[in-house]
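Just below is one structure, and these are the notes that go with it.
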Amino acid sequence: MNNFEYQNPTKILFGKDQIENISKEIPNKAKVLLLYGGGSIKKNGIYEQVTKALKGFEVVEFGGIPANPEYAVLMDALKIIKEQKITFLLAVGGGSVIDGTKFLSSAALYKGDTPWDILTENIRTTSGMPFGTVLTLPATGSEMNSGAVITREETKEKLAMGGPGLFPQFSVLDPTVIQSIPKRQLANGITDAFTHVLEQYMTYPINALLQDRISESILQTLIEVAPKVMKDPKDYKAAADFMWSCTMALNGLIQKGVPTDWAVHAIGHELTALYGIDHARTLAVIAPSHYRYNFEAKKEKLAQYAERVWNITEGSVDEKAKQAIVRTEMFFNGLGIDTKLSDYTRDYMGTAQEISRRFTVRGWNTLGEHKNLSPSDVEKIVTMAY
Numbered sequence: 002m003n004n005f006e007y008q009n010p011t012k013i014l015f016g017k018d019q020i021e022n023i024s025k026e027i028p029n030k031a032k033v034l035l036l037y038g039g040g041s042i043k044k045n046g047i048y049e050q051v052t053k054a055l056k057g058f059e060v061v062e063f064g065g066i067p068a069n070p071e072y073a074v075l076m077d078a079l080k081i082i083k084e085q086k087i088t089f090l091l092a093v094g095g096g097s098v099i100d101g102t103k104f105l106s107s108a109a110l111y112k113g114d115t116p117w118d119i120l121t122e123n124i125r126t127t128s129g130m131p132f133g134t135v136l137t138l139p140a141t142g143s144e145m146n147s148g149a150v151i152t153r154e155e156t157k158e159k160l161a162m163g164g165p166g167l168f169p170q171f172s173v174l175d176p177t178v179i180q181s182i183p184k185r186q187l188a189n190g191i192t193d194a195f196t197h198v199l200e201q202y203m204t205y206p207i208n209a210l211l212q213d214r215i216s217e218s219i220l221q222t223l224i225e226v227a228p229k230v231m232k233d234p235k236d237y238k239a240a241a242d243f244m245w246s247c248t249m250a251l252n253g254l255i256q257k258g259v260p261t262d263w264a265v266h267a268i269g270h271e272l273t274a275l276y277g278i279d280h281a282r283t284l285a286v287i288a289p290s291h292y293r294y295n296f297e298a299k300k301e302k303l304a305q306y307a308e309r310v311w312n313i314t315e316g317s318v319d320e321k322a323k324q325a326i327v328r329t330e331m332f333f334n335g336l337g338i339d340t341k342l343s344d345y346t347r348d349y350m351g352t353a354q355e356i357s358r359r360f361t362v363r364g365w366n367t368l369g370e371h372k373n374l375s376p377s378d379v380e381k382i383v384t385m386a387y
């Protein structure tokens, strides 16, 4: 196991009726900017619960943060933060709203002229405006980590940011919120969380027994509860396991002391930027091809995954590893997730070359757990995913 440091300051309020407790977590005299997405929270009762809990606070609202939080929209919110002298941010939504709020947390205190530089120049945020979250869509784990991904339609870019100043002060996780989530988004959430674990697990053995087994338990839990959640989102037990699995998948715990990959995410972000494909679905498109292309480097861990998660115990290491990739793809397909780029766009020809070009321009020459994947390798992986 590698050396590591781990600190996660986010307070979790988990369970039914926890939204009413957010007033206890926000400073008494805070001026709050309430941030949300397309307005679904006004249809499912969450908005009413939040505004009731915020009585006694001065609250300004900003809605309309889109899936894949758009830089131009967030700049409008940043203007409000500065004009209204906001002191606390409250994100009510899924990963997109929370990621957008993290950008605003950073940008509100940024001293430079162009906040987009935070992303293009990889500026770590050590201190941001305080914020909390009310999670409405389990998927990204953004409610308990310090990372975010922001999209800029103008340049068709989707870039990551982060830093120790971007942990939420608190996050409310009420499993009952998934009752109103469309099945497509539930499938996306399951796929997103599943792939988050794979990115931190599917590398090579390093004798970190506990991290491996926690990762495997999250994967097993997602596999077990996925059909229950898809069939009946009102099943509280399944919803609770689903929501907590999504949070645990990316709160930093399982990546400590082990090598991680993240190439699938780096490539997937480009597919979203270019074609607007749902983030989780881009991961399902790239992951199988990525594992097949890097089979020799990953086969030991793939075989372990086959045995422990899919109960594939017969055959050689190579045979079990190959079956693991097949079963993973079948799992995504069983959720209604297509796993080829051509399933999402007819204009896929040239995509591999464009992504390779972008990575070359950015100097992204060392992807993967071994830091040996070049833009040329990325081009081959994307081509395999056509």
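So the sequence shown is residues 2 to 387, counted in my numbering.
For each residue, glycine too, the CB sits at the ideal point set by N, CA and C.
Keep in mind the model is a prediction, meaning the values are calculated, not measured.
query: At what residues does the beta strand (DSSP E) containing I13 begin and finish?; result: K12 to F15
query: Have a look at M203 and E122 and give me their C-alpha separation to the nearest angstrom.; result: 29 Å
query: Does the Cβ of Q50 have 16 or more other Cβ atoms within 10 Å, making it buried, or fewer, making it exposed?; result: buried
query: Here's the rule: buried if 16 or more other CB atoms are within 10 angstroms of the residue's CB, otherwise exposed. What is R1?; result: Residue 1 lies beyond the residue range present for the chain, which begins at 2 and ends at 387; the question has no answer from this structure.
query: Could you give the C-beta distance for Y37 and V98, rounded to a whole number, given that I count them as a contact under 8 Å?; result: 6 Å
query: What three-state label does DSSP hand I326 in the structure shown?; result: helix
query: When the distance is taken between beta carbons, is G96 closer than 8 Å to S143?; result: yes
query: Which partner residues does E158 have in the DSSP bridge list?; result: R153
query: To the nearest angstrom, how far is the alpha carbon of K114 from that of L120?; result: According to the sequence as given, residue 114 is Asp; it is not Lys. C-alpha separation (whole angstroms): 13 Å.
query: Does DSSP put V93 in a helix, a strand or coil?; result: strand
query: Taking E62 as part of the beta strand (DSSP E), name the residues at either end of that continuous run.; result: E59 to F63
query: Residue ranges of each beta strand (DSSP E) run of no fewer than 3 residues wholly in the region 112-195, ordered along the chain?; result: 132-136, 148-153, 158-163 and 171-174
query: Shortest alpha-carbon distance to E297 belongs to which of T192, Y205 and T152?; result: Y205
query: Please state the DSSP three-state secondary structure of V33.; result: strand
query: Look at the alpha carbon of K17 and the alpha carbon of A240, and state the distance between them as a whole number of angstroms.; result: 11 Å
query: On the premise that G94 lies in contact with Q126, defined as a C-beta separation below 8 Å, what is that separation, rounded to the nearest angstrom?; result: Before going further, note that residue 126 is Thr rather than Gln in the sequence given. About 20 Å; that fails the 8 Å criterion.
query: Looking at Y72 and the ligand ATP, is the gap between the Cβ and the nearest heavy atom below 7 Å?; result: What this structure holds is no ligand at all, so the ligand ATP is not there to describe.
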